[in-house]
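Student:
In the numbering used here, the protein residues as written are 227 to 578.
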C-alpha cells in the first residue's frame, strides 16, 4: 500500500494476446454468418429448427462480439467480420437448391461446426434443408468460411510434424498422441530417421533457445533463420516417399486444403462493407480448377528461392501447372511456441 511498482509487459504477453484475438476474430465471422443466415431464412418465410432460431444465434454472436471487444480488438476488424458474415450468409441462401419445393414444408437447420468437426472436416457451418420430419434431405451446404482482407488465404495451419502426419496418414486420430511415439512409428513405416528427428528439433527450437538463456524475441528471430533448413527437411522427406504413395498423398493434400469437394468453400474478401464473395458452388473458375485436380496431378515441393518460403506445385499429366500453394513458416506463439506451416493460396482469379 502506498508504493509504486513497475511491471514490464513482455513481448510474450502482447504476442499471445494478438494471436488469441486473431483466432477469436476468425470465429466471430462464423457466428456472424450463422446469425445473419438464420435472419434471412426467417424473413424469407422459412421454418427454422428449434436449435437454429434467430434469437439463439443473435445472443451467441453478441456475446462473442462483446468478449473480443473487452479484449481490445480493433473496431474495424470487428466490423469486417460482421460484414463478412452478412455477405457469406446471403450467398449461402442464394446457393440453396430447393428444386421447386414448397418453402412452408421445409425445415432449415444451422449448425456451427468449426470446433466440433475440427480434424474431421473443414466445414465451419452446416445448413441442412429437409422435409417430412427430417427424413428427406433436400439440400445440405457444408460451408468452410473464410474472411480475409486480400485474396491470398491461409487454408491450413500445421506444426512441422503435424503436416507430415496429415500427408502420410489417412486416419490421423488413430496415430500415437505423443510426438516421440509418432516419430518412432513414422521411422518404422517410412524411414527418414535423421530428417524427422531434426525436423522435430527445429519445431521446438524456440523453447530450446530460451532454455539456453535467449529471450523469447531473440529465440524467435533465431528460429526464423532455421526455416531454410526446415524447407530442406520437409522437401527431402516428401520427395523420398511421395512417388510410392502418390495416390494417397494427393488425396490427403486436397483434403488438407479443402479442395476435395467434401465441403463448400466460401470466402469474403476485402474491407468491411466492401467485400466480394467466392462461392465454390457458383464460381465456374473454381469448378474448372476442381475438375482439373480430380483428373490427376503430380506434386512437387520446393523452396521459393526469393524467400524463406516453399512452393507446392500441382502439375497435370500434360505438364500444365494447375495451382501453386505458398507454404510460409512461423510459430504457434504461447508459452511453448512451436514451429508451424501456413498454406496460402491466392483466390484472385475466382473473384467476380
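Cβ coordinates follow ideal geometry from the N, Cα and C atoms, glycine included. Values in this document were obtained by computation on a predicted structure and should not be read as measured data.
Can you tell me whether residue 352 is buried or exposed? The criterion is at least 16 other CB atoms within 10 Å of its CB, across all chains shown.
Tutor: buried
Student: Taking DSSP as the reference, what is the three-state secondary structure of residue 558?
Tutor: coil
Student: Thinking C-alpha only, which one of 306, 265, 266 and 264 is nearest residue 253?
Tutor: From the listed residues 306, 265, 266 and 264, the smallest Cα separation to residue 253 is found for 306.
Student: Ordered along the chain, which non-local residues of its own chain (more than five positions away) have a Cβ less than 8 Å from that of residue 573?
Tutor: 377, 378, 379, 493, 495 and 504
Student: Under a Cβ-count criterion, where at least 16 other Cβ atoms within 10 Å of its own Cβ denotes burial, should residue 171 be classed as buried or exposed?
Tutor: What the structure shows of the chain is the stretch from 227 to 578, and residue 171 is not part of that stretch, so it cannot be assessed.
Student: Please name the residue in 313, 321 and 418 whose C-alpha comes closest to that of residue 259.
Tutor: Among 313, 321 and 418, the Cα nearest to that of residue 259 belongs to 313.
Student: Which first and last residues belong to the alpha helix (DSSP H) in which residue 447 is found?
Tutor: Counting along the chain, the alpha helix (DSSP H) containing residue 447 begins and ends at 442–451.
Student: Closer than 7 Å by C-beta to residue 556: which residues in its own chain qualify, once you throw out the five before and the five after it? Chain order, please.
Tutor: Hits under 7 Å: 566 and 568.
Student: Since residue 438 sits in a beta bridge, which residues does DSSP pair it with?
Tutor: Per DSSP, none; premise fails for residue 438.
Student: Between residue 260 and chain C, is the shortest Cβ-Cβ distance under 8 Å, so that the two count as touching?
Tutor: The structure shown contains no chain C, having only a single protein chain.
Student: Taking the C-alpha atoms as reference points, what is the distance between residue 466 and residue 527?
Tutor: 11 Å
Student: Give the secondary structure of residue 487 by DSSP, where H, G and I count as helix, E and B as strand, and everything else as coil.
Tutor: coil
Student: Determine, using beta-carbon pairs with one atom in the region 323–331 and one in the region 262–279, whether at least three such pairs fall under 8 Å.
Tutor: yes
Student: Is the Cβ-Cβ distance between residue 436 and residue 449 less than 8 Å?
Tutor: no
Student: Beta-carbon within less than 7 Å of residue 231's beta-carbon, same chain only, minus the 5 sequence neighbours each way: which residues are those?
Tutor: Low local confidence applies: a pLDDT of 38 at residue 231 is under 50, so the model's placement there is unreliable, with the coordinate-based value given in what follows. Result list for residue 231: empty, nothing under 7 Å.
Student: Based on DSSP bridge pairs, tell me the residues matched to residue 564.
Tutor: In the DSSP assignment, no residue is bridged to residue 564.
Student: Using C-beta distances below 7 Å, list every residue in its chain close to residue 395, excluding the 5 sequence neighbours before and after it, in chain order.
Tutor: Cβ contact annotation for residue 395 (same chain, cutoff 7 Å, sequence separation greater than five): 401, in chain order.
Student: Per DSSP, what kind of secondary structure is residue 231 in: helix, strand or coil?
Tutor: Any answer about residue 231 is weak, because its pLDDT of 38 lies below 50 and its placement is not dependable; what the coordinates show is given next. Note: residue 231 maps to coil in three-state DSSP.
Student: Got a sec? Which residues, its chain only, sit under 6 Å from residue 365 by beta carbon, not counting five neighbours each side?
Tutor: 322, 323 and 355
Student: Taking just the CA atoms, how far does residue 441 sit from residue 369?
Tutor: Going by C-alpha positions, residue 369 is about 42 Å away from residue 441.
Student: Determine the DSSP secondary structure at residue 572, reduced to helix, strand or coil.
Tutor: Here residue 572 sits in strand by DSSP.
Student: Tell me which residue opens and which closes the beta strand (DSSP E) that residue 524 is part of.
Tutor: 524–530
Student: Which one of 507, 489 and 523 has the shortest CA to CA distance from residue 340?
Tutor: 489
Student: Smallest Cα separation from residue 265: which of 284, 247 and 276?
Tutor: 284
Student: Note down the Cα distance separating residue 255 from residue 300, rounded to an integer number of angstroms.
Tutor: 14 Å
Student: Suppose you measure from the CA of residue 506 to the CA of residue 309; what does that come to, to the nearest Å?
Tutor: 20 Å
Student: Taking just the CA atoms, how far does residue 361 sit from residue 421?
Tutor: Cα to Cα, residue 421 sits roughly 52 Å from residue 361.
Student: Taking the alpha carbon of residue 334 as the reference point, which residue from 411, 278, 304 and 320 has its own alpha carbon closest?
Tutor: 278
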